[in-house]
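In the working numbering, the protein residues as written are 356 to 564.
No residue lacks a Cβ here, since even glycine has one placed at the ideal position from N, Cα and C.
Notes follow the structure.
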Ligand SMILES: C[S@@+](CC[C@H](N)C(=O)[O-])C[C@H]1O[C@@H](n2cnc3c(N)ncnc32)[C@H](O)[C@@H]1O
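Shown next, in the form of structure tokens:
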């Protein structure tokens, strides 16, 4: 079993999934408030953990379907346990090898993509399963510019690809996305990096052609 799966299987059972929900909740909520969910839409969360974002989005009035995928089976079992409304679905798979025939209006991922074996392959898949005009929202706290988080890789001792904001933008451009970026800061947080750098969101739009 790979290290990423093993680590998050453990986190699913020792309360750290809920800690992530707490840690990421503020900035993710702030970011999601900038997105307009006013037309009927479908939503995918890549690396959904215990599924908290899927549950939040599934409650949006216009949400037809919200799917969460995660390569940790135990995270998916936790997410299924917490399922609250009928338009939610959780699937145990990694993004790279997932065989999915449909296409989404919105794809989201928080603190997950840099664990992928290959960010390029993951982005290629995400691009493929987005509708033309659809958007991918990718949140990361772990990026070179945010120096305080760079040491996380040595603490976690698992595969974590560290890149700068410039490199992230290049990955998205190479995959075909039109891009924008946003830093969501938490000005009252006790952690300096959350006040000064915050979460980097790369917003990739698939061109309509
Ligand atoms: C740091 S956690 C974040 C979980 C959740 N997004 C949150 O903010 O609470 C990263 C999650 O991504 C999952 N993950 C990592 N690589 C993945 C991949 N290639 N495909 C699907 N899930 C992946 C892990 O199993 C883990 O549950």
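Am I right that residue i and residue j are in contact with their C-beta atoms under 8 Å? What's the rounded C-beta distance?
{"i": "residue 532", "j": "residue 482", "result": "7 Å"}
{"i": "residue 408", "j": "residue 463", "result": "6 Å"}
{"i": "residue 474", "j": "residue 526", "result": "6 Å"}
{"i": "residue 417", "j": "residue 392", "result": "6 Å"}
{"i": "residue 535", "j": "residue 510", "result": "Wrong, their Cβ atoms sit about 31 Å apart, outside the cutoff."}
As a quick exercise: from the options, pick the residue whose alpha carbon is nearest that of residue i.
{"i": "residue 494", "options": "520, 503, 502", "result": "520"}
{"i": "residue 360", "options": "530, 550, 512", "result": "512"}
{"i": "residue 368", "options": "430, 379, 425, 380", "result": "430"}
{"i": "residue 377", "options": "544, 560, 558", "result": "544"}
{"i": "residue 496", "options": "450, 479, 514, 469", "result": "469"}
{"i": "residue 457", "options": "548, 422, 556", "result": "422"}
Does the beta-carbon of residue i have 16 or more other beta-carbons within 10 angstroms, so that it is buried, or is it exposed?
{"i": "residue 554", "result": "buried"}
{"i": "residue 507", "result": "exposed"}
{"i": "residue 529", "result": "exposed"}
{"i": "residue 484", "result": "buried"}
{"i": "residue 452", "result": "exposed"}
{"i": "residue 503", "result": "exposed"}
{"i": "residue 384", "result": "exposed"}
{"i": "residue 565", "result": "Limits of the chain in this structure are 356 at one end and 564 at the other, which puts residue 565 out of reach."}
{"i": "residue 406", "result": "buried"}
Taking the Cβ atom as the reference point for each residue, do residue i and residue j lie within a distance shorter than 8 Å?
{"i": "residue 461", "j": "residue 488", "result": "no"}
{"i": "residue 541", "j": "residue 442", "result": "no"}
{"i": "residue 437", "j": "residue 459", "result": "no"}
{"i": "residue 449", "j": "residue 426", "result": "yes"}
{"i": "residue 386", "j": "residue 537", "result": "yes"}
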